[in-house]
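Asks: Before we start, here is the structure in question, set down as structure tokens.
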Amino acid sequence: MNRLFVLFTALLILSGCAAMRGEIPDDVKPMVVKQELDSSELLDVAIVVFDSKELTEKEITKLGLSEELRQAEERYIPIHLKNTMQQTGYWGAVRVIPAENDAHIQVHGTIIHSDGERLSLDIEAYDSRGLMWFEKSYTETLKPTEYRGYSSAGVDPFQDLYNSIANDLAEHRNQLSGDDMREIQQVSELRVAQDMAPDAFAGYLSLDKNGIYSPARLPIEGDPMLKRVRAVQVRDDMLVDTINSYYEVYYNDLSQPYGDWRRLYSEELAAMKEVQKQALTRQLFGLAAIVGGVVLSTQNSNIGSSNLPEVMVLGGAAAINSGFQKWEETKIHKDVIEELSMSFTSEAEPLVVEVVGETVRLTGSAEEQYQKWREMLRDIYASETGLPLISDGEDMGQAADSSSATQ
Numbered sequence: 002m003n004r005l006f007v008l009f010t011a012l013l014i015l016s017g018c019a020a021m022r023g024e025i026p027d028d029v030k031p032m033v034v035k036q037e038l039d040s041s042e043l044l045d046v047a048i049v050v051f052d053s054k055e056l057t058e059k060e061i062t063k064l065g066l067s068e069e070l071r072q073a074e075e076r077y078i079p080i081h082l083k084n085t086m087q088q089t090g091y092w093g094a095v096r097v098i099p100a101e102n103d104a105h106i107q108v109h110g111t112i113i114h115s116d117g118e119r120l121s122l123d124i125e126a127y128d129s130r131g132l133m134w135f136e137k138s139y140t141e142t143l144k145p146t147e148y149r150g151y152s153s154a155g156v157d158p159f160q161d162l163y164n165s166i167a168n169d170l171a172e173h174r175n176q177l178s179g180d181d182m183r184e185i186q187q188v189s190e191l192r193v194a195q196d197m198a199p200d201a202f203a204g205y206l207s208l209d210k211n212g213i214y215s216p217a218r219l220p221i222e223g224d225p226m227l228k229r230v231r232a233v234q235v236r237d238d239m240l241v242d243t244i245n246s247y248y249e250v251y252y253n254d255l256s257q258p259y260g261d262w263r264r265l266y267s268e269e270l271a272a273m274k275e276v277q278k279q280a281l282t283r284q285l286f287g288l289a290a291i292v293g294g295v296v297l298s299t300q301n302s303n304i305g306s307s308n309l310p311e312v313m314v315l316g317g318a319a320a321i322n323s324g325f326q327k328w329e330e331t332k333i334h335k336d337v338i339e340e341l342s343m344s345f346t347s348e349a350e351p352l353v354v355e356v357v358g359e360t361v362r363l364t365g366s367a368e369e370q371y372q373k374w375r376e377m378l379r380d381i382y383a384s385e386t387g388l389p390l391i392s393d394g395e396d397m398g399q400a401a402d403s404s405s406a407t408q
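Residue 378 in the working numbering sits at position 377 of the sequence shown, with consecutive numbering throughout.
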């Protein structure tokens with residue numbers, strides 16, 4: 002009987018430990034520059050539209066999450082990270098881009114889990130040289146009470162998580178020397194140049210065995226080919242800025258419904274967990290009563306002849322049945338969660354925009370549209386310089402490899 006009690010107690014303790022604690026502490030203060038930085042110290046950051054871990058069957062069927070919702074978050078979350086970083090004063094242009102480019106700093110993210118209660122992201126950052134700054138997981142878990150007084154205008158319930166990412170990026174940036182910053186900027190420009198004209202800029206970059214770029218030599222000041230590259234880069238920046246302006250509209254349109262969805266989802270999730278906890282407790286007590294009644298009946302003839310074991314068994318069965326009824330109530334909360342998810346998805350329709358005569362659809366296919374625009378830039382550069390068009394098989398990596406081999 003003592004062993005049964007120990008087992009029963011252990012089950013109760015385990016059930017109480019089911020709640021996950023966030024790794025991010027509360028009240029993370031953002032790092033902000035104390036005085037304005039010189040333009041030469043400002044590095045541009047490209048945050049690529051996030052990926053996401055595939056939703057599990059449980060997340061879809063039991064929690065009411067959806068791929069459409071997750072796709073909206075793949076855009077919403079990096080935009081909020083961008084806004085957070087811009088307020089620190091440590092960076093030049095911070096942009097969200099549909100696909101990787103040659104910016105000074107690249108930030109990639111994967112959504113591991115996201116609902117109104119918990120946000121978990123995998124983030125990696127590296128510079129144009131190919132040097133990894135960090136690869137880190139961030140998780141924050143909220144209580145429903147933390148949504149009280151929350152305003153969707155510029156502040157996120159998971160702001161501590163965003164501040165943590167921005168602070169880590171700022172700390173790594175602050176570890177760079179002036180020479181490091183210049184090299185990052187030089188390599189970034191040379192990678193753009195080799196992307197546009199591999200033959201013309203062959204030999205300017207070297208690539209070591211670890212995949213790290215460094216300048217082998219620099220173009221002379223006033224190089225006409227480099228001037229054209231810079232002019233084309235300005236056009237690319239203009240398109241990316243246009244894309245970001247539409248992302249901002251998308252973000253602003255989503256802020257209110259997404260904030261409401263997360264708050265209500267968190268409340269429903271908390272209610273569902275409370276129901277599940279009550280159901281588990283009732284079932285465990287019921288199981289203990291049944292087993293206890295059987296044990297008493299078989300081990301003690303005097304008790305066995307009384308009606309105590311029968312009462313315990315019947316009472317235990319009633320407790321288990323009550324627990325199952327509680328489990329049924331979770332389906333009601335599940336239906337509400339699914340309805341909230343569907344409501345959010347219907348308000349998160351993608352935007353179709355006109356950019357320099359090209360229709361760009363800011364959804365999962367935006368990466369393809371952005372790639373087409375990059376190819377158009379190569380065509381523009383080729384037409385202005387008279388150089389042959391670049392095939393898809395040619396890239397700056399091949400040019401860098403050839404330059405490394407000749408040195």
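Heads up, the beta-carbon is just placed ideally off N, CA and C, and yes, glycines get one too. The structure presented is a predicted model; accordingly, all values stated were derived computationally and were not measured.
Using only the heavy atoms of the ligand SAM, determine whether one of them is closer than 6 angstroms to the beta carbon of N175.
Replies: Absence of the ligand SAM from the depicted structure is noted, as is the absence of any ligand whatsoever, leaving it without description.
Asks: For V49 and I112, which I take to be in contact (beta-carbon distance under 8 angstroms), what is that distance rounded to the nearest angstrom?
Replies: Here residue 49 refers to the residue found at position 48 when the sequence shown is read from its first residue. Here residue 112 refers to the residue found at position 111 when the sequence shown is read from its first residue. In fact, because the Cβ distance is near 13 angstroms, the residues do not count as touching under 8 angstroms.
Asks: Which partner residues of P216 appear in the DSSP bridge assignment?
Replies: Position 215 of the sequence shown, counted from the first residue, corresponds to residue 216. The partner list for P216 (beta bridge, DSSP) reads L206.
Asks: Which runs of the alpha helix (DSSP H) spanning at least 4 residues fall entirely within the segment 126-210, listed in chain order?
Replies: For the segment 126-210, whole alpha helix (DSSP H) runs of length 4 or above, ordered along the chain, are 160-175 and 179-197.
Asks: Checking 7 angstroms against the spacing of the C-beta atoms, do L122 and Y139 come in under that value?
Replies: Numbered from 1 along the sequence shown, position 121 holds the residue referred to as residue 122. Numbered from 1 along the sequence shown, position 138 holds the residue referred to as residue 139. For L122 and Y139, yes; Cβs fall inside 7 angstroms.
Asks: Hey, how far is the Cα of E58 from the Cα of R263?
Replies: Here residue 58 refers to the residue found at position 57 of the sequence shown. Here residue 263 refers to the residue found at position 262 of the sequence shown. If I take the Cα positions, the gap works out to 20 angstroms.
Asks: Using a Cβ-Cβ cut-off of 6 angstroms (strictly less than) and excluding sequence neighbours within five positions of E125, which residues of its own chain qualify?
Replies: Within the sequence shown, the letter at position 124 stands for residue 125. H109 and E136, listed in sequence order.
Asks: Between which residues of its own chain and E60 is the CB-CB distance below 7 angstroms, once the five residues before and five after are set aside?
Replies: For the purposes of this step, residue 60 is taken as the residue at position 59 of the sequence shown. Cβ neighbours of E60 beyond the five flanking positions: L66.
Asks: How about A194 and M32: do their beta carbons lie closer than 7 angstroms?
Replies: Position 193 of the sequence shown, counting from 1, holds the residue named residue 194. Position 31 of the sequence shown, counting from 1, holds the residue named residue 32. Cβ atoms of A194 and M32: not closer than 7 angstroms.
Asks: Could you say which of H105, E141 and G93 lies nearest to S115 if we only look at CA atoms?
Replies: The residue you call residue 115 lines up with position 114 of the sequence shown. Comparing Cα-Cα distances from S115 to each of H105, E141 and G93, the minimum goes to E141.
Asks: So, helix, strand or coil for Q409, using DSSP?
Replies: Outside the displayed span of the chain (2 to 408) sits residue 409, for which this structure offers no information.
Asks: Do T85 and Y163 count as a contact pair if the criterion is CB distance below 7 angstroms?
Replies: As a working note, residue 163 is residue 162 in the sequence shown. As a working note, residue 85 is residue 84 in the sequence shown. In this structure, T85 lies closer than 7 angstroms to Y163 by Cβ.
Asks: Quick check: what's the CA-CA separation for D74 versus V233?
Replies: As a first step, residue 74 is located in the sequence shown; it is residue number 73 there, counting from the start. As a first step, residue 233 is located in the sequence shown; it is residue number 232 there, counting from the start. Here residue 74 is Glu; the residue named in the question, Asp, does not match the sequence. Going from the Cα of E74 to the Cα of V233 covers about 31 angstroms.
Asks: Does the beta-carbon of K83 have 16 or more other beta-carbons within 10 angstroms, so that it is buried, or is it exposed?
Replies: Counted from its first residue, the sequence shown places residue 83 at position 82. Counting Cβ neighbours within 10 Å, K83 comes out buried, since at least 16 surround it.
Asks: Sorted by chain position, which residues of the same chain lie with C-beta nearer than 6 angstroms to L191's C-beta, five sequence neighbours on each side aside?
Replies: As a position in the sequence shown, residue 191 is number 190, starting the count at 1. Hits under 6 angstroms: Y205 and L206.
Asks: List the DSSP bridge partners of A47.
Replies: To locate residue 47, count along the sequence shown from 1; it is residue 46. According to DSSP, A47 bridges with R96 and Q107.
Asks: Whole angstroms is fine: what's the gap from Q87's alpha carbon to L43's?
Replies: Within the sequence shown, residue 87 is the residue found at index 86, counting from 1. Within the sequence shown, residue 43 is the residue found at index 42, counting from 1. Going by the C-alpha atoms only, they are around 11 angstroms apart.
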